[in-house]
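Data block below; observations after.
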Amino acid sequence: MPEQQGLTAKDMELVKAFATAFAESTTKDKITPEIIAAIVKESNKPYVDPDFQAREKREREKSRRDFHEAQRVTALQQKNCAHQHKDGQNALNLSHNFPDGQPRGICPLCFLFIQPTHWEYLAPDPVTGAERPQLVPEHPLYHLVRAKEVMS
Ligand SMILES: [Zn+2]
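With the working numbering, you'll find the sequence shown wraps up at 175, consecutive numbering, no jumps.
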C-alpha cells in the first residue's frame with residue numbers, strides 16, 4: 024500500500040520515527056491544553072513584514088520633517104511680509120462672521136490670520152472633565168485690522 028501512495032520504505036521509516044518521537048515528547052514534556060492554546064494563538068498572529076514597517080517609519084519621519092519645514096517657511100514668509108500691496112495700501116481682508124462680532128484679518132499675501140482677544144477652549148480636563156477656557160491675547164498686528172476696519 025505505501026508504494027501505491029508514492030512513499031518509499033525509507034519514507035515510512037522516517038514517518039514512524041517522527042511519530043514515535045512525537046508521542047514520546049508529548050508524554051515526556053506533558054503538552055497541556057494551555058500550551059497548545061498558546062501555540063495556536065502564536066500561530067494565528069498576522070505576519071509582520073519588517074521591510075514594510077521600516078518603510079512606514081521612514082515615510083512617517085519624512086512627512087514629519089516636511090511638515091515642520093513647511094511650518095518654518097510659512098512662519099518666515101509671514102515674518103517678512105509687510106501685509107501691504109505694492110502701493111502701500113493695507114492688504115488685509117476682513118472677516119466678520121465670528122460669533123463675538125469682532126473682525127479678523129487675513130493677509131492674502133502670506134495667509135497670516137490676525138485675531139483679537141478671544142476665548143479658546145482647551146481639551147476637557149482628563150481627570151474632572153471640566154471645560155478649560157483660555158483667554159488668548161490679541162495678535163500684535165491687530166492694529167492693522169482696526170485700521171482696515173476704520174477705512175472700510
Ligand atoms: Zn502678509
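The beta carbon of each residue, even a glycine, is placed where N, CA and C say it ideally should be. What you are looking at is a predicted structure, and each value in this text was computed from that prediction instead of being measured.
query	result
First through last residue of the beta strand (DSSP E) which encompasses ASN116	116 to 118
Near ligand 1: GLN187 beta-carbon under 7 Å from a heavy atom	The structure shown does not extend to residue 187, since the chain is modelled only from 24 through 175, so no value can be given for it.
Residue(s) in a DSSP beta bridge with HIS141	VAL159
Beta-carbon contacts of ALA114 that lie in its chain and below 7 Å, excluding the five residues immediately before and after	HIS106, GLN107, HIS108, CYS130, PRO131, LEU132
Ligand 1 heavy atom lying under 7 Å from the CB of HIS106	yes
LEU99 CB to nearest heavy atom of ligand 1 below 7 Å	no
Cross-strand partners of ASN113 (DSSP beta bridge)	GLN107
DSSP state of PHE136 mapped onto helix, strand, coil	strand
Chain B contact for PRO139 (CB, 8 Å cutoff)	Within the model displayed, chain B is absent; a lone protein chain is all it includes.
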